[in-house]
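S.K.:
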Ligand code: PMV
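Residue numbers (the numbering used here): 4 to 369.
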């Protein structure tokens, strides 16, 4: 499918009022997206675990305006409070998607959103936040076009979410989502994420992700600046080639459940992401001393215990500790006794792979 397939001709009629609500999870990339082209097209394909616990719950109440608005008309409430700082992000998002959702200027929206994780935790809320909002808008469109099937609904939700924040397009389905064109992955697309289409060993259906909050502060570098730093980066081409190879290698690894090889790729991807940051112009370091301390402890524990625990990082100092569900007790004991001392006030979040976003429209608000 191409961009044109997501254009909508005029709706036959518009509803006057209504309310939709979706809960959408965060995701953690195994093969990382770092570097993009125009219109949020990734420089290389990526794959992620969809998470279960870290999520954004968003409802959109809509009321038809008497006449089409010149400015987008909305109020945004974050955790119950009017939040004007988020307006510019939403305005940019609406501008990017209005060609695909022509009803946007016809309504006033009340957007109410909350996260299951602390806002200042350093966990990016853009993936769950943008995907939850995209899903709400798609739910509205489906009310106007009731014959829309689930496959199209998911693809267009992912397509729109991508225009809000690239990685958000990987938060619609789960437990493994691939985004970005790859020659050996049929149906893969630069425009939206797809549920990984090949065999996935059951071990990956219940993988644990304990997120260690090393640094609760705001990120020093926005991901937009980070992606831009890949333009003219001395190692960009090698990096993009490496990501393509890692995805090809993943095909047998994910099918066979080969954890040894899985770990090699996942940890290499995390360190390569940060190596790209350290070798760009301007250069920067997002890892903290405690990030390195945790990584070294994971390596020692893995060696001595023969566990299959490993780590990944996103664009920050926090560490995602990944391990199979069947090692849950032993690894969590290790985390408690050895790793939590390196977290801010011992803070961490126990998450695991999940199956994607949920329609909450019929669930009463809490
Ligand atoms: O979706 P963005 O623009 O916030 O970029 C996400 C970048 C990484 O989290 C570092 C990697 C990824 O693939 O999620």
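Quick reminder that beta carbons are idealized off the backbone N, C-alpha and C, glycines included.
1) Taking the alpha-carbon positions, what's the residue 250 to residue 50 distance?
2) Go ahead and label residue 176 buried or exposed: buried means 16 or more other beta carbons lie within 10 angstroms of its beta carbon, across all protein chains shown.
3) Return the CA-CA distance between residue 67 and residue 104, expressed in angstroms with no decimal places.
4) If you drop the 5 nearest sequence neighbours on each side, which residues of the same chain put their C-beta closer than 7 Å to that of residue 332?
5) Going by alpha carbons, who is nearest to residue 289 out of 226, 268, 234, 165?
6) May I ask whether a heavy atom of the ligand PMV can be found less than 8 Å away from the beta carbon of residue 104?
7) Quick check: is any heavy atom of the ligand PMV less than 8 Å from the C-beta of residue 321?
8) Quick check on this structure: which residue in 286, 110, 235, 92 has the alpha carbon closest to the alpha carbon of residue 71?
9) Out of 119, 99, 84, point me to the one whose CA is closest to residue 113's CA.
10) Tell me where the beta strand (DSSP E) around residue 323 begins and ends.
11) My understanding is that residue 224 touches residue 287, with C-beta atoms under 8 Å, so please give their C-beta distance in whole angstroms.
12) Is residue 36 near the ligand PMV, in the sense that its beta carbon is under 8 Å from a heavy atom of that ligand?
13) What is the DSSP secondary structure of residue 10, reduced to helix, strand or coil?
14) If you follow the beta strand (DSSP E) that residue 352 is in, where does it begin and where does it stop?
15) Could you check the C-alpha separation between residue 29 and residue 360 for me, to the nearest Å?
16) When the distance is taken between beta carbons, is residue 196 closer than 9 Å to residue 174?
17) Does the beta carbon of residue 30 fall short of 8 Å from some heavy atom of the ligand PMV?
18) Which ranges would you report for the beta strand (DSSP E) in the segment 208-260 if only whole runs of at least 3 residues count?
19) Are the beta-carbon atoms of residue 56 and residue 134 separated by less than 9 Å?
20) Relative to the ligand PMV, is the shortest distance from any of its heavy atoms to the C-beta of residue 227 smaller than 8 Å?
21) Between the alpha carbons of residue 266 and residue 213, how many angstroms are there, rounded?
22) Taking the runs of the beta strand (DSSP E) that are 3 residues or longer, which of them lie wholly in the segment 77-136?
23) Across the segment 182-190 and the segment 291-303, are there enough close Cβ pairs to call them in contact, namely three or more that are closer than 8 Å?
24) Within its chain, find whatever has a CB closer than 6 Å to the CB of residue 236; leave out the 5 residues flanking it on each side and keep chain order.
25) Can you tell me where the alpha helix (DSSP H) with residue 300 in it begins and where it stops?
26) Since residue 160 and residue 130 should fall inside the 8 Å C-beta cutoff, what is the C-beta to C-beta distance between them, to a whole number of angstroms?
27) If you draw a straight line from the C-alpha of residue 122 to the C-alpha of residue 34, how long is it?
28) For residue 40 and residue 244, what's the separation of their Cα atoms in angstroms?
29) From residue 96 to residue 36, what does the alpha carbon distance come to, in whole angstroms?
30) Who are the near neighbours of residue 167 in its chain, counting only those whose CB is closer than 6 Å to its CB and skipping five residues on each side?
31) In three-state terms, what does DSSP make of residue 335?
32) Residue 46: buried (16+ other C-beta within 10 angstroms of its C-beta) or exposed?
33) Assign residue 198 to one of three DSSP states: helix, strand, or coil.
34) Which of the three DSSP states, helix, strand or coil, is assigned to residue 277?
35) Answer with buried or exposed for residue 218, where buried requires no fewer than 16 other C-beta atoms within 10 angstroms of its C-beta.
36) Give me the Cα-Cα distance between residue 209 and residue 326, rounded to the nearest whole angstrom.
M.R.: Reading from the atomic positions:
1) The alpha-carbon atoms of residue 250 and residue 50 are separated by roughly 8 Å.
2) Residue 176 is classed as buried because its beta carbon has at least 16 other beta carbons within 10 Å across all chains shown.
3) Looking at the two C-alpha atoms, the distance is approximately 15 Å.
4) Contacts found: none.
5) It is 226 whose Cα lies nearest to the Cα of residue 289.
6) No - the ligand PMV has no heavy atom lying nearer than 8 Å to the Cβ of residue 104.
7) Relative to the ligand PMV, the beta carbon of residue 321 is positioned no closer than 8 Å to any heavy atom.
8) Selection 286, 110, 235, 92 evaluated against residue 71 yields 110 as nearest (Cα-Cα).
9) Minimum Cα distance to residue 113 is reached at 84.
10) Per DSSP, the continuous beta strand (DSSP E) segment holding residue 323 begins and ends at 322-327.
11) The Cβ separation is near 6 Å, so the contact holds.
12) A heavy atom of the ligand PMV is found nearer than 8 Å to the CB of residue 36.
13) Residue 10 falls in the coil class under three-state DSSP.
14) Secondary structure note for residue 352: its beta strand (DSSP E) is the uninterrupted segment 351-355.
15) One C-alpha to the other measures close to 9 Å.
16) A distance below 9 Å separates the beta carbons of residue 174 and residue 196.
17) Checking the Cβ of residue 30 against the ligand PMV gives yes.
18) Every unbroken stretch of the beta strand (DSSP E) spanning 3 or more residues and falling wholly within the segment 208-260 is given here in chain order: 210-215.
19) No.
20) Taking 8 Å as the cut-off, one finds at least one heavy atom of the ligand PMV near enough to the beta carbon of residue 227.
21) Cα to Cα, the separation comes out at about 16 Å.
22) Listed in chain order, they are 110-118.
23) As far as the Cβ criterion goes, the segment 182-190 does not touch the segment 291-303, which means the pair count is below three.
24) Excluding residues up to 5 positions away in sequence, 283 lie with their Cβ nearer than 6 Å to the Cβ of residue 236 in the same chain.
25) Residues 292-308.
26) Actually they are not in contact, since the Cβ atoms of residue 160 and residue 130 sit about 13 Å apart, beyond 8 Å.
27) Those two C-alpha atoms are separated by around 25 Å.
28) Rounded to whole angstroms, residue 40 to residue 244 spans 16 Å at the Cα level.
29) Going by C-alpha positions, residue 96 is about 20 Å away from residue 36.
30) Taken in chain order, the residues that qualify are 96, 133.
31) The answer is helix: DSSP assigns residue 335 an H, G or I state.
32) Buried is the call here.
33) Taken through DSSP and simplified to helix, strand or coil, residue 198 comes out as strand.
34) Correct three-state label for residue 277: helix.
35) Taking a 10 Å sphere around the C-beta of residue 218, we find 16 or more other C-beta atoms and assign the residue as buried.
36) When rounded, the separation of the alpha-carbon atoms in residue 209 and residue 326 is 9 Å.
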